[in-house]
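Asker:
There are 2 protein chains.
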Amino acid sequence: MNGAETLIQTARTAGVEVCFANPGTTEMPLVAALDSVPGMRAVLGLFEGVCTGAADGYARMTGRAALTLLHLGPGFANGIANLHNARRARSPVVNLIGDQASWHLAADAPLTSDIASLARPVGWVREIGTARHAAAAMSEALTVAQGPPGQVATLVVPADVQWDPAGGGAPVPVPSAADEPDEARIAEIATATRHGATILLLGGDALSAAGLLAAHRLQAASGWTVLVETFSARIERGAGLPDFPRLPYFPEQASEVLAGAEQIVLAGALPPVAFFGYPDGRSQLAPEGCNVLTLSAPGEDGALALEALGDVQGAPPAPPVAPRPPPKAASGALDPATLGATLAALQPAQAIVIDEAATSGVAYAPHAAGAPQHTTLGLTGGAIGQGMPCATGAALACPDRPVIAFQADGSGLYTLQALWTQAREHLDVTTVICANRSYRILQVELARAGIAEPGPNARALTDLGSPSIDWAAAAQAFGVPGVRVDTAEALADSLTRALAEPGPHLIEAVI
Amino acid sequence: MNGAETLIQTARTAGVEVCFANPGTTEMPLVAALDSVPGMRAVLGLFEGVCTGAADGYARMTGRAALTLLHLGPGFANGIANLHNARRARSPVVNLIGDQASWHLAADAPLTSDIASLARPVGWVREIGTARHAAAAMSEALTVAQGPPGQVATLVVPADVQWDPAGGGAPVPVPSAADEPDEARIAEIATATRHGATILLLGGDALSAAGLLAAHRLQAASGWTVLVETFSARIERGAGLPDFPRLPYFPEQASEVLAGAEQIVLAGALPPVAFFGYPDGRSQLAPEGCNVLTLSAPGEDGALALEALGDVQGAPPAPPVAPRPPPKAASGALDPATLGATLAALQPAQAIVIDEAATSGVAYAPHAAGAPQHTTLGLTGGAIGQGMPCATGAALACPDRPVIAFQADGSGLYTLQALWTQAREHLDVTTVICANRSYRILQVELARAGIAEPGPNARALTDLGSPSIDWAAAAQAFGVPGVRVDTAEALADSLTRALAEPGPHLIEAVI
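Chains D and Z are the protein sequences, given in the same order. With the first sequence counted from 1, adding 39 to any position gets you the numbering used here. With the second sequence counted from 1, adding 39 to any position gets you the numbering used here.
1. Counting only the same chain and skipping the five closest in sequence on each side, list residues whose C-beta sits under 7 Å from that of glycine 320 of chain Z.
2. Return the CA-CA distance between histidine 255 of chain Z and leucine 266 of chain Z, expressed in angstroms with no decimal places.
3. Sort Z/Val549, Z/Cys58, Z/Ser130 and Z/Arg127 by Cα distance to glycine 504 of chain Z and report the nearest one.
4. Return helix, strand or coil for valine 519 of chain Z, following the three-state DSSP convention.
5. Beta-carbon within less than 6 Å of leucine 418 of chain Z's beta-carbon, same chain only, minus the 5 sequence neighbours each way: which residues are those?
6. Can you give me the C-alpha to C-alpha distance between glycine 186 of chain D and serine 215 of chain D, rounded to a whole angstrom?
7. Can you tell me whether serine 370 of chain Z is buried or exposed? The criterion is at least 16 other CB atoms within 10 Å of its CB, across all chains shown.
8. Where do the N-terminal and C-terminal ends of the beta strand (DSSP E) with leucine 266 of chain Z fall, by residue?
9. My output table needs one value for alanine 306 of chain D: the three-state DSSP class, helix, strand or coil.
10. Would you be able to state if there are at least three C-beta pairs under 8 Å between the region 455 to 474 of chain Z and the region 506 to 524 of chain Z?
11. Name, going along the chain, the residues of the region 110 to 136 of chain Z whose beta-carbon falls closer than 7 Å to a beta-carbon of chain D.
12. Near proline 493 of chain D, which residues of its chain fall below 6 Å by C-beta distance, leaving aside the five closest residues on each side in sequence?
13. Compare the C-alpha of valine 431 of chain D against each of D/Trp510, D/Ile423 and D/Ala444 and name the closest.
14. Let's see if you can read the secondary structure: which residues bound the beta strand (DSSP E) around leucine 108 of chain D?
15. Could you name the residues of chain D that glycine 494 of chain Z contacts, counting a contact when the two beta carbons are closer than 7 Å?
16. Give a yes or no on whether 7 Å exceeds the smallest Cβ distance from methionine 67 of chain Z to chain D.
17. Assuming alanine 388 of chain D contacts glutamine 412 of chain D under a Cβ cut-off of 8 Å, what Cβ separation, rounded to an integer in Å, is found between them?
18. Name the chain D residues that come within less than 9 Å of alanine 140 of chain Z, Cβ to Cβ?
19. So proline 2 of chain Z contacts chain D; which residues on that side make the cut at Cβ distance below 8 Å?
20. Could you give the first and the last residue of the continuous alpha helix (DSSP H) run that contains serine 533 of chain D?
21. What residue from Z/Asp532, Z/Val304 and Z/Asp467 has the CA that sits closest to threonine 264 of chain Z's CA?
22. Below 6 Å CB to CB, which residues in the same chain sit around serine 533 of chain Z once its five sequence neighbours on both sides are set aside?
23. Taking the straight line between their C-alpha atoms, what separation do you get for proline 318 of chain Z and aspartate 199 of chain D?
24. Using the beta-carbon of each residue, which ones in chain D are nearer than 9 Å to arginine 224 of chain Z?
25. Any beta carbon of chain D sitting closer than 7 Å to that of glutamate 327 of chain Z?
26. Could you check if aspartate 350 of chain Z is buried or exposed, using at least 16 other CB atoms within 10 Å of its CB as the buried criterion?
27. Pick from D/Thr381, D/Arg273 and D/Val191: whose alpha carbon is nearest that of glycine 242 of chain D?
28. Fully enclosed by the region 271 to 343 of chain D, which beta strand (DSSP E) runs are 3 residues long or longer?
29. Just to confirm my understanding: we take arginine 171 of chain Z, look at its own chain, exclude 5 residues before and 5 after, and list those with CB closer than 7 Å. What are they?
30. Using 8 Å as the Cβ pair cut-off and three pairs as the minimum, do the region 50 to 61 of chain D and the region 85 to 96 of chain D touch?
31. Rounded to the nearest angstrom, how far is the Cβ of glycine 341 of chain D from that of alanine 306 of chain D, given a contact under 8 Å?
32. Is the Cβ of serine 399 of chain D closer than 7 Å to any Cβ of chain Z?
33. Taking 7 Å as the cut-off, decide whether the C-beta atoms of proline 68 of chain Z and serine 152 of chain D are in contact.
34. What residues from chain B crowd round alanine 499 of chain Z, counting only those whose CB sits closer than 7 Å?
35. Does DSSP put proline 405 of chain Z in a helix, a strand or coil?
36. Looking at chain D, which residues of the region 184 to 206 of chain Z have a Cβ within less than 8 Å of any of its Cβ atoms?
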């Protein structure tokens, strides 16, 4: 075996089955190893941001490490934005990056660059020195990536490390279980929350069905306010599950919701901070003097911690979740409200909904709470262009579940090449483009910055309507059937058809 | 004036007129400043790689600093690949990157990351600490970027530095002239090359018309072999100019061409190295024992140095360049040969040709040597996805010249969003997609790596044909008229029409 083969073999033995790849010349031995080592499936992305976003979606849905194969510094750089989202989602992603042969680095050939400097901002990095160390390095990367909590791990593999003969294998990484909750800490939180207004903020793995039901039990027993973090990697939603409101996005609205809290208890969530700082604003959203208590940190079992807290409080078992009316498809012209209602009304049971709908998606979530149970994946790191790649990876992870990419147009234009991978791999992804033909959030932010009448440059930088994007043509370019609709009825018809037919579809919903 | 306004004002005073931008919330004061400071034109790219590639093309054609405005670490990361190309082209590019407000960095909000670590691999970086330092920082960035030699300079500007009040302006950077050639060095090279086989390798600014004619004079007088570096940022070509062969791409072919040289004289070029290292290969391409002499380094005036060397040698003035037959359009099925001939035959005088045609473009250059005089911009850093953005920037720099993007399909898919900017700005860019529906160079590299029969994963990772991309539909999606051709006659018809009509066009040439 050469170094490349031990890398792939070690990953394969650890259970990795898919490699999201866009390799180049410095990865040829790794490409060959994807065939010579049995059982690996290579999935090509036409752009590296597709590969890394798909790896993130795959990792979120399987909970297992997802592998990418990317080309040198510039190829890796193209994947950084979605690795940033994966980092914030704590998704276990392992990147294999070929580098120049170690003896060729000093020549500073045109494609040479400092890959480690590019990789450090998204997580753990290791440069492999010799082929003999390759297997152990992969084992360590998988262990680091899988956590818990999960993280992004990058292996920089010089070409000679790939083609040189390597020794035997390495210990196969055994995924660690999440830490058990700390009894003393739980008792302390039970005491601290006996008096005064308490808000329970859920995030991370506490947004599983078990975590949400444990929070429902606490809420029923104590009357606490329960909130969900603003952007979550993965949350289970729909009929039979409690529907807790999200912490609002804008800091002044979030502060208002948190006002009066004497304690904020965190389960899987980090202390709430503003997404952006504004003039005369502050970073922390918790009221001054509020006691912020961590029940479970990322990497700990949030559902177990919530149940343990309920036990210490002597809370009765969770009451049944009150049924909610199922959402109804709307009629008439499309706008965020009619779009959200119609999508929620038609989404099938067990759907996976990737929500990068931004301002166009605000009306959807309340409707979807009444839909059949489903999973929603969110934009954790704010780096746009995540939705369509993430949907691609989720569909590869869960071939038996329908996947819906609920996608803002401006963000979707970053990584629309994902459509091609969906077509090639015959994935059941239905992409709904919310075509408001602007960076609406920036128009809002301009107004918030006091610019009531944007000048021509500010208008040009926030408008996507001249010319308008023809999304149906874009879909056709990549081999995906596409259609444009501008009424709720037409959207319902198109959605029904797209969800019934196998393979990917795209619907441009003009709002 | 606030910090944002002093930044834009300083750039404007230094002659910067265009800002290639895709901003976000942390750049709102800079967006406002693009309107409040008169005389700046903001050009939106739908993806940051479009902005940075366009800035590179603009800088290559104007020789002046090009400005970008990008959003935080992930937005900047999306632009790194084309900044890597700009770095290798020594293009003066200044990036303005908004960061979180300085007091908000510690909160580690979702979009926060280490921007400087991302930016260092492509050049100079400065984080601006206070609004009072903003103008001086821009002045320094422009000075550093403009060199000579040119480079990429990145300013990280926290949001509060943008909105805080700033003091007065800063000294306007005065572009430095290129260094004059060193007389002693030239005399030494004249002596060293009196005997033995000498190869003159031209690169960088020695590929101007003046540099090429000076090299022609030396060749006529001394009989030296003259070569051009493999990938050049910008070279003048066509009737009236000498046509020197390029140093081949693959190292064994390059070594063969250089074999027997006792001296290699570099004018604007770096010592030749292999693009990639191969097993049992070496980095340096010059034969063992060959004396590599630098006549002019990047940042020095190569044409002046070549003329000075001719003077020391007592070379007569350059003889006229022998006329070459003009290229003739081909007929029949399209392949790299008929495509190259037909494009060369039809390209108008003063065309700017961006060559990212990769393996499909090899037959074009010899034909184009007989075309009317034109400028060719190459893929300097090997980071694919440069052609269409670079063409966009070149067209903005030179509105009176026709621009042709001669584009490989696999590379073009990286940054096809550039078409939209071409449509919005009504740019005279004709994109010719060489649709071989594969990463052909990687199929070649697989064979070179000894993989005679690629397995299913290797085939999947190098094939773009299942499904085929419909480039005409992709063009339509972005507002550009597109057509597919598969004969030389149809290509000629489409090219004639595209070049005659104003605005952008795309031709998918199936080969």
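In this text, a Cβ means the ideal position worked out from N, Cα and C, and glycines have one as well.
Answerer: Let's see:
1. Against the second sequence, residue 320 of chain Z aligns to sequence position 281. Closer than 7 Å at Cβ, skipping near neighbours: Pro290 and Ala313.
2. Residue 255 of chain Z sits at position 216 when you count from the first residue of the second sequence. Residue 266 of chain Z sits at position 227 when you count from the first residue of the second sequence. So the two alpha carbons sit approximately 11 Å from each other.
3. Start at 1 with the first residue of the second sequence, and residue 504 of chain Z comes out as number 465. Among Z/Val549, Z/Cys58, Z/Ser130 and Z/Arg127, the Cα nearest to that of glycine 504 of chain Z is on Z/Val549.
4. The sequence position of residue 519 of chain Z within the second sequence is 480, counting from 1. The three-state secondary structure of valine 519 of chain Z, taken from DSSP, is coil.
5. Position 379 of the second sequence, counted from the first residue, corresponds to residue 418 of chain Z. If we look at leucine 418 of chain Z and ignore the five residues flanking it on each side, its Cβ neighbours are Phe270, Glu395 and Gln425.
6. Walking along the first sequence from the start, residue 186 of chain D turns up at place 147. Walking along the first sequence from the start, residue 215 of chain D turns up at place 176. Spanning the alpha carbons of glycine 186 of chain D and serine 215 of chain D requires a straight line of approximately 7 Å.
7. The sequence position of residue 370 of chain Z within the second sequence is 331, counting from 1. So serine 370 of chain Z counts as exposed.
8. Locating residue 266 of chain Z in the second sequence gives position 227, where the first residue counts as 1. Per DSSP, leucine 266 of chain Z belongs to the beta strand (DSSP E) from 264 to 267.
9. The residue you call residue 306 of chain D lines up with position 267 of the first sequence. Strand.
10. With the cut-off at 8 Å, the region 506 to 524 of chain Z and the region 455 to 474 of chain Z touch.
11. Taken in chain order, the members of the region 110 to 136 of chain Z whose beta-carbon sits within less than 7 Å of a beta-carbon on chain D are Gly112, Pro113, Ala116, Asn117, Ile119, Ala120, His123 and Arg127.
12. Taking the first sequence and counting its residues from 1, the one referred to as residue 493 of chain D is at position 454. Sequence-distant partners of proline 493 of chain D (beyond 5 residues in either direction) whose C-beta falls short of 6 Å from its own C-beta, in its chain, are Leu485.
13. Stepping through the first sequence from its first residue, residue 431 of chain D is reached at position 392. Note that residue 431 of chain D corresponds to threonine in the displayed sequence, not to valine. For threonine 431 of chain D, the nearest C-alpha among the options comes from D/Ala444.
14. Position 69 of the first sequence, counted from the start, is the residue given in the question as residue 108 of chain D. For leucine 108 of chain D, the enclosing beta strand (DSSP E) stretches over residues 105 to 110.
15. Residue mapping note: residue 494 of chain Z aligns to position 455 of the second sequence, counting from 1. Chain D residues near glycine 494 of chain Z: Asp74.
16. Sequence index remark: in the second sequence, residue 67 of chain Z carries index 28 (1-based). Interface residue, yes.
17. Numbered from its first residue, the first sequence carries residue 388 of chain D at position 349. Numbered from its first residue, the first sequence carries residue 412 of chain D at position 373. The C-beta separation of alanine 388 of chain D from glutamine 412 of chain D comes to about 7 Å, placing the pair in contact by the 8 Å criterion.
18. Counting from one through the second sequence, the residue named residue 140 of chain Z turns up at place 101. What alanine 140 of chain Z touches in chain D: Phe315, Gly316, Tyr317, Pro318, Gly320 and Ser322.
19. No information on residue 2 of chain Z is available, as it lies outside the stretch 40 to 550 that chain Z covers here.
20. Within the first sequence, numbered from 1, the residue matching residue 533 of chain D stands at position 494. Where serine 533 of chain D is concerned, the enclosing alpha helix (DSSP H) starts and stops at 527 to 539.
21. As a first step, residue 264 of chain Z is located in the second sequence; it is residue number 225 there, counting from the start. Here the closest residue by C-alpha is Z/Val304.
22. What you label residue 533 of chain Z is simply residue 494 of the second sequence in a count that begins at 1. Close CB contacts of serine 533 of chain Z within its chain, under the 6 Å cut and outside five residues either way in sequence, are with Val522, Val524 and Ile546 (chain order).
23. Translated into positions along the second sequence, residue 318 of chain Z becomes position 279. Translated into positions along the first sequence, residue 199 of chain D becomes position 160. One C-alpha to the other measures close to 7 Å.
24. Working through the second sequence from its first residue, we reach residue 224 of chain Z at position 185. By Cβ distance, chain D contributes nothing, its closest Cβ being about 23 Å from arginine 224 of chain Z, past 9 Å.
25. For this step, residue 327 of chain Z is matched to residue 288 along the second sequence. Answer no: the Cβ-Cβ gap between glutamate 327 of chain Z and chain D never drops below 7 Å.
26. Looking up residue 350 of chain Z in the second sequence gives position 311. That one is exposed.
27. The residue labelled residue 242 of chain D in the question sits at position 203 within the first sequence. Ranking D/Thr381, D/Arg273 and D/Val191 by Cα distance to glycine 242 of chain D puts D/Arg273 first.
28. Taking only runs of at least 3 residues, the beta strand (DSSP E) segments lying wholly in the region 271 to 343 of chain D are 274 to 276, 302 to 306 and 330 to 335.
29. Translated into the one-based positions of the second sequence, residue 171 of chain Z becomes position 132. Excluding positions up to five away in sequence, the list reads Ala205 and Gly206.
30. Touching, yes.
31. Position 302 of the first sequence, counted from the first residue, corresponds to residue 341 of chain D. Position 267 of the first sequence, counted from the first residue, corresponds to residue 306 of chain D. About 5 Å; that satisfies the 8 Å criterion.
32. Residue numbering aside, residue 399 of chain D sits at position 360 when the first sequence is read from its first letter. No - not a single Cβ of chain Z is within 7 Å of the one on serine 399 of chain D.
33. By 1-based counting over the second sequence, the position of residue 68 of chain Z is 29. By 1-based counting over the first sequence, the position of residue 152 of chain D is 113. No, the Cβ-Cβ distance between proline 68 of chain Z and serine 152 of chain D is not below 7 Å.
34. Absent from the structure is chain B; the protein chains it does hold are D and Z.
35. For the purposes of this step, residue 405 of chain Z is taken as the residue at position 366 of the second sequence. Helix, per DSSP.
36. Within the region 184 to 206 of chain Z, Ala198, Asp199 and Trp202 place their CB atoms closer than 8 Å to a CB of chain D, listed in sequence order.
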